[in-house]
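Beneath this line is the structure, given in structure tokens, with notes to follow.
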Amino acid sequence: MAVEDPPAGRFTWTIDNFSRLPKKHYSDVFTVGGYKWRILIFPKGNNAEHLSMYIDVADSVTMPYGWTRFAQFSLTVVNQVHSKYSIRK
Numbered sequence: 001m002a003v004e005d006p007p008a009g010r011f012t013w014t015i016d017n018f019s020r021l022p023k024k025h026y027s028d029v030f031t032v033g034g035y036k037w038r039i040l041i042f043p044k045g046n047n048a049e050h051l052s053m054y055i056d057v058a059d060s061v062t063m064p065y066g067w068t069r070f071a072q073f074s075l076t077v078v079n080q081v082h083s084k085y086s087i088r089k
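Here's what the structure looks like:
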């Protein structure tokens, strides 16, 4: 049985006035592999003292009870002033 290559995609989110964001902020919805996703950030942290970022299924309420989805992703935060402070996880 052949294993299919997983779908790949890229989403770029430019955030203006980052320091003025509310406690919780979502990106626009984007689609990869036929599924709708969005990024969720907590600029001042989610029960932490540093930026917290998550990938979120944008239409989870339409999914059946107990559904699961496997996704592999990386997030890059780019510091436009001092690139040495940019980070990829």
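Just so you know, we're using the UniProt record's numbering here: the sequence shown kicks off at 1 and counts up by one.
Every residue gets a Cβ at the ideal spot worked out from N, C-alpha and C, and that includes glycine.
Remember, it's a predicted structure, so these values are computed and weren't measured experimentally.
**Item:** Rounded straight-line distance, which links the Cα of Val32 to that of Ile55
**Value:** By one-based count along the sequence shown, residue 55 stands at place 55. By one-based count along the sequence shown, residue 32 stands at place 32. Rounded to whole angstroms, Ile55 to Val32 spans 12 Å at the Cα level.
_Complete alpha helix (DSSP H) runs within the stretch 11-82 (minimum length 4 residues, chain order)_ = none
- prompt: Beta-carbon of Phe11 versus every beta-carbon of chain C: anything under 9 Å?
  reply: Here chain C cannot be found, since the structure has a single protein chain.
- Item | Rounded distance between the beta-carbons of Ser27 and Phe42, thought under 8 Å | Taking the sequence shown and counting its residues from 1, the one referred to as residue 42 is at position 42. Taking the sequence shown and counting its residues from 1, the one referred to as residue 27 is at position 27. With 8 Å as the limit, Phe42 and Ser27 do not qualify as a contact, their Cβ atoms being about 13 Å apart.
Next item on the list: Can you tell me which of Gly45, Asn17, Lys89 puts its alpha carbon nearest to the alpha carbon of Val77?
Entry: Translated into positions along the sequence shown, residue 77 becomes position 77. Comparing Cα positions, the closest option is Lys89.
Confirm, please, whether the CB-CB distance from Ala58 to Val29 is below 9 Å.
-> As a first step, residue 29 must be located in the sequence shown, where it is residue number 29. As a first step, residue 58 must be located in the sequence shown, where it is residue number 58. Taking 9 Å as the Cβ cut-off, Val29 and Ala58 qualify as a contacting pair.
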